Each structure stands twice: as C-alpha cells, then as structure tokens.
Amino acid sequence: MDTFALVVTVAVALFFTYTNGFHDSANAIATSVSTRALTPKAALAMAAVMNLAGAFLGSGVAKTVSKGLIETPEGRSGMGILFAALGGAIIWNLITWYFGLPSSSSHALFGGLVGAALAGGTTVHWDGVVEKVIVPMFVSPVVGLVVGYLVMLAILWFFRKANPHKAKRGFRIAQTVSAAGMALGHGLQDAQKTMGVVVLALVIHDPSNGYGIPIWVKFVCAAMMSLGTYAGGWRIMRTLGRRIIDLDPPQGFAAETTSAGILYATSYIFTAPVSTTHVITSAIMGVGATKRVKAVRWGVAKNIVAGWFITMPAAGAVAAVSFYVVKLIFG
97 MDTFALVVTV AVALFFTYTN GFHDSANAIA TSVSTRALTP KAALAMAAVM
147 NLAGAFLGSG VAKTVSKGLI ETPEGRSGMG ILFAALGGAI IWNLITWYFG
197 LPSSSSHALF GGLVGAALAG GTTVHWDGVV EKVIVPMFVS PVVGLVVGYL
247 VMLAILWFFR KANPHKAKRG FRIAQTVSAA GMALGHGLQD AQKTMGVVVL
297 ALVIHDPSNG YGIPIWVKFV CAAMMSLGTY AGGWRIMRTL GRRIIDLDPP
347 QGFAAETTSA GILYATSYIF TAPVSTTHVI TSAIMGVGAT KRVKAVRWGV
397 AKNIVAGWFI TMPAAGAVAA VSFYVVKLIF G
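Numbering (my numbering), first residue to last: 97 to 427.
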C-alpha cells in the first residue's frame, strides 16, 4: 500500500482533530467564560491541558470508530474513502464554525465515514451506526436536558437559604473544577474518535498492524486537539455562552457537571461516541428552564437542533462528492 497515501490521510486526520479542537473548545469553557469564572485565555489553556490528559484515559470509543461503523476498506480505494470522509467532516466543521453554529464534529466525522463508504462501495455496519451513533444522538440531548434541569433544581433547593452573592462567588470558584471536568471528558471522547480513524488508516496500509492504538497515535491526536482548543472558537462560544441563555455561576456549574458526568458514563460504560456539543447545549437548556421556560431563547435553540439533524447527511454528501473527485483525479 502506498506510504504516501497513508501519510496524507493521517495528516488530514490530524487537521480534522485540530478543527475539532477549535470548533468544540466552546463546549468546555463557554459557560465559565460567560459567567466570568475564568478569563478566556486561562480557560483555553486549562481546556487544552485537560483535553490532552483526557485523550489518554480510555480507548473504547476509538475501537468503536475503527471497527464498529464501517467494514475496513482495502487498498488505495480504502485510503481514498478515509480521505474523503475526513474531507467531508472538515468542510462541514468549517462551515458551521463560520456561522457560529455549535454542530457536532463527531457526527460530521460519522456522516463523512458513512457517506464515503457508500460512495466507495464499502459495507456500512448499520446496526453499529444505529446503536452507537443514531440512538445516542437522540438520547444524549434528552438526558442532558433532563439531568441538567434536575441538577439545577437540586442546587436551588440546597442553597435556598444561602446568601445569593456568597453563593455565586462560591460557584464561580467551583466552575473552575467543573469546566476542567468537562474539558477532560471532551478529550476522552473526541480525541479518541480521530484515533480510531488513524488506526483504520494504519490497518488499511498494513493489516498486520491490528486495531491496537499505538502510543504515538494517542499523543499526536491529543496534541493536535489541544492546539486546536487553544486556538479557540469564539463564534461558537458566544452562541453557547450568551445566545441560548444568560448564565450565572450556579447554572454554569450545573451545566458543566451534568455534561461531564454524561461524557464519562458514555465513554466507560457504553463506549458510545456521543457529541459533546449535543450534551452541553441540551444541559444549558435544561438548566436555563429552571429559571423559567421563556428564559431559554428557544428560537436559537431550534436552529441549533436543526443543525444537529442535518450534520450527518450534509457531511456524508460532501464526503461522497469528495470521494468521487479523489477517484477521478487519482483513479
């Protein structure tokens, strides 16, 4: 198998990880920045470090991506499928970043894999796609909404007699911990997804490599995501931090704690690659609804949810076109 094709595909995978980092950096820190618990620079630095650490905490999600969604394609055409899948995901990431829409980088990648596989005649494991992608795509936002609502209700009850100003100062400090937990969960989930793709490329290049994750793959994927995270995603940060609802420190803490818990559970218990974007956005909505339902700007939320539904097919369509272009050029 052409080594050059492998190097190019891995490089594109790492660039996708970089775009994932700056596209999704808002997931971990938007609430902390909007409540002034952390300065933007401090928040980005913390998120970058925690993303790097989270990438080394597990491998279940990476194995799901590398083995559970599509049949391992073979030869030059197989590498072309991976290249096109990553291209579709990157293009969709850049489009949604430009418009400040917090869509899912994860589902852009999954849509790209499925679209490129179908275009390239590779078998798609639809049971795996449904069980590990589609079902979590619908369930995780509902869980985030409900749990976020309940966690915020619990906080309101426990601190009902506390001095409001002292409580807010305390939660502002606590948010540094909850934001770090959210960033760790983001690294645990999203860095592993690219690891799975890189492993898939290595297997296509040489099947004897097997599906284990080499340490260098973990490191470079984690490092690129951290660099992307530090570059920041200010457009999306404004959407999550202000346009859905004006958060205060207790609400920010509740949303981040809810999201981090869901990310850890799905990574270790279900090994399901869920969207950090879906989880944090729905948690923010659930937390905000405790103030009053109308406090959440549901019009903005509706546009975000619409973006969730079109991400997979849109990225898949771009990936399919990319595959045909690659095939036309390189044969």
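Don't be surprised by glycine CBs; every beta carbon is placed ideally from N, CA and C. These figures come from a predicted structure and were not determined experimentally.
- In the structure shown, Ile-166 falls within a strand segment according to DSSP collapsed to helix, strand and coil.
- Fewer than three pairs of CB atoms, one per stretch, sit closer than 8 Å, so the segment 216-229 makes no contact with the segment 135-144.
- Val-104 carries a helical assignment under DSSP once its states are collapsed to helix, strand and coil.
- Across the structure, Phe-405 and Leu-298 are spaced so that their CA atoms are roughly 31 Å apart.
- Its Cα nearest to that of Arg-172, the residue Val-104 stands out among Val-104, Val-235, Ser-202.
- Pairing Leu-246 with Gly-324, the inter-Cα distance amounts to about 33 Å.
- A distance of 8 Å or more separates the beta carbons of Thr-377 and Leu-359.
- As summarised for the segment 240-319, there are no continuous beta strand (DSSP E) elements at least 3 residues long confined to that stretch.
- Classified as exposed, Val-238 has fewer than 16 neighbouring CB atoms from the shown chains inside 10 Å of its CB.
- Secondary structure at Val-220: strand, using DSSP grouped into helix, strand and coil.
- Counting other Cβ atoms within 10 Å of its Cβ, Trp-253 stays below 16 and is therefore classed as exposed.
- Taking the Cα of Pro-409 as reference, the smallest distance to any Cα among Pro-136, Val-220, Gly-184 is reached at Gly-184.
- Look at Ile-406 here: in three-state DSSP terms it is helix.
- The DSSP-derived three-state label of Arg-172 is helix.
- Here Ala-356 is actually not in contact with Ala-151; their C-beta atoms are around 15 Å apart, not less than 8 Å.
- Taking the C-beta atoms as reference points, Ala-415 is found nearer than 8 Å to Ala-180.
- One alpha carbon belongs to Thr-272, the other to Asp-98, and they sit about 47 Å apart.
- The straight-line gap separating the alpha-carbon atoms of Gly-174 and Ile-300 is approximately 7 Å.
- Take the alpha-carbon of Val-129 and the one of Leu-424: they are about 47 Å apart.
- Under the three-state reduction of DSSP, Ala-413 is assigned to helix.
- Between Met-278 and Thr-354, the alpha-carbon positions lie close to 9 Å from each other.
- When secondary structure is reduced to three states using DSSP, Pro-369 falls in the coil class, being assigned neither helix nor strand.
- Pairing Leu-148 with Ala-319 gives a Cβ-Cβ distance under 8 Å.
- Linking Lys-257 to Ala-250 through their CA atoms gives a straight-line distance of about 13 Å.
- Proximity of the segment 157-170 to the segment 213-225 meets the contact definition, three or more beta-carbon pairs being nearer than 8 Å.
- Distance from the CA atom of Ser-418 to the CA atom of Ala-270, rounded to whole angstroms, is 45 Å.
- For Gly-154, the three-state secondary structure derived from DSSP is coil.
- Excluding sequence positions up to five before and after Tyr-364, its CB lies within less than 8 Å of the CB of Gly-154, Gly-156, all in the same chain and listed in chain order.
- Secondary structure of Ser-199 (DSSP, three-state): coil.
- When secondary structure is reduced to three states using DSSP, Ala-180 falls in the helix class.
- Looking at the backbone, the Cα of Asn-189 and that of Ala-411 are separated by about 9 Å.
- Where Ile-358 is concerned, the enclosing alpha helix (DSSP H) starts and stops at 345-364.
- With respect to the 8 Å criterion, Gly-348 and Thr-131 are classified as neighbours on the basis of their beta carbons.
- Closest in alpha carbon position to Leu-165, among Gly-292, Val-242, Cys-317, Val-401, is Gly-292.
- Of Pro-345, Ala-126, Phe-118, the smallest CA-CA separation from Tyr-194 is found for Phe-118.
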